[in-house]
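All residue numbers for the sequence shown refer to the numbering used here, where the first residue is 319 and numbers rise by one.
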Amino acid sequence: MSALAAHFHQLLQIRVPQAMAWIDERAAAIISGEARAAATTIALMPRHTGKADLAPSAAECAAAQALVPGLDLRHWTLDQTARVYAVLQLPMATAAELVGALDALYRCADVAEAVALYQALPCLPHAAALIPRAREGLRSNQKPLVAAVAQRSPFPAAHLDEAAWNQMVLKCLFVGLSLDPIQGIDARCNAAQAAQLCDYARERRAARRPVPWELWRVAVPACGHEHLAEVERTLVGVAEDEAPAAPAAALGLAANPLPAAAELLARFPRFAAAIAAGSLNWSSIDTWKDGSP
C-alpha cells in the first residue's frame, strides 16, 4: 500500500470504521484484478460510507500535502475520499495500464463518480499520460466535472501547458465557476491569456452582457498597452460589469509591471491607497461588492 493510500485508509478508519471490512475486501478484489471490481466498488461506495463531509483536521491536511503537494482535502466528502482510495488500488505499473483502467471507469461513471475520478488525478503517477483525461473533463458540459478538474487541485497548474491552462480559465468564467479556488491562478497569468480575455470582455460589452469581475484578476496583470483602455473603462465603471470589477482591475494593475499600468492605477487614488494599505486584496475583495469597502 502506498503512503497516500495508507493515509486515506486511516482517514476512513477514523470516520467510518463500520465500513472498513467491506472497503478492505473490495480493495483486495481490485488489486487481484477481479473483473469490474473497481467499477462496482466505486458505484456502491456511498452506501457504505455515506456522503458527509470528510472535514479533515489541519494535521490531516498537512499530512496529505506532504505526500502530494497542493492536495486539498478540505472540500472532499467521505464517499469521494473512499472512491479515490479505491482508484489507488488500480494497476499502475505503466502509464498504459493506468490509463486503460481509468478509461474503463470513466466510461461507466455517473457524474458523482466521475467527480471523484477527476479528484484522483493529482494522486496518481504518470501525470503526462493523464493530461488528455483532464482536458476532457474541462471540455465537459457538466459544471461539477469542470470544477473537479479546475478547482482546489494541484494538477492543472503543474501539468497543463499555457494553451490548455488559458482554455480552462476561460471555461470557468463561461460556466460561472470562481477562479479563486484554482491553484496557481495568479502565478500563471500570461500575455496570451490577457489578450484573449480582454477581447472576450470587449465582445460581451458590445453585446451589453455582463463581464465576470474575476476576469480582470487574470487579464490585467499581464496585459499590454493595447488593452489598458479596456481596463480604464472598467475602473471608471461600466453599467454591465459585475461588481467588484473596478477594484479587481485595480488589483490587477498593481501586479502589472508596465509603467503605464502604474500610471493608470495612480489616477484612481482610492484604489491605489487601499492596495498600498493592504485593505484591498483578493481576500477582502468580497467586501468591495459595490466598488467600495
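Yeah, the Cβ is synthetic: ideal placement off N, Cα and C, and Gly gets one too.
In this structure, the beta-carbon distance from R522 to A475 does not fall below 9 Å. Note that the stretch 396-407 touches the stretch 423-443; at least 3 beta-carbon pairs, one per stretch, sit closer than 8 Å. With at least 16 other beta carbons inside 10 angstroms of its own, S471 counts as buried.
Taking M410 as reference, the option from W340, D421 and L442 with the minimal CA-CA separation is L442.
Distance from the CA of W600 to the CA of V467, rounded to the nearest whole angstrom, comes to 22 Å.
Rounded to whole angstroms, A519 and V493 show a C-alpha spacing of 15 Å. The three-state reading of DSSP puts T358 in helix, counting H, G and I together.
In the three-state DSSP reduction, T552 falls in the helix class (H, G or I).
Going by C-alpha positions, Q331 is about 30 Å away from R451. Bounds of the alpha helix (DSSP H) holding T399 are L396 to V405. DSSP places S597 outside any alpha helix (DSSP H), giving it a letter other than H or E.
The straight-line gap separating the alpha-carbon atoms of I449 and H477 is approximately 7 Å. In chain order, L497 place their CB closer than 6 Å to the CB of I503, counting only its own chain and leaving out the 5 sequence neighbours on each side.
A357 sits away from L463, with the two beta carbons spaced by 9 Å or more.
Its chain contains no residue whose beta carbon lies nearer than 7 Å to that of A384 once the 5 sequence neighbours on both sides are disregarded. Between A465 and N484 a beta carbon distance of about 18 Å is seen, past the 8 Å cut, so the two are scored as non-contacting. Residue environment analysis places G570 among the buried positions, since at least 16 neighbouring C-beta atoms fall within 10 angstroms of its C-beta. Straight across, the Cα-Cα distance linking A434 with Q469 is about 13 Å.
For G455, the enclosing alpha helix (DSSP H) stretches over residues A445 to L456.
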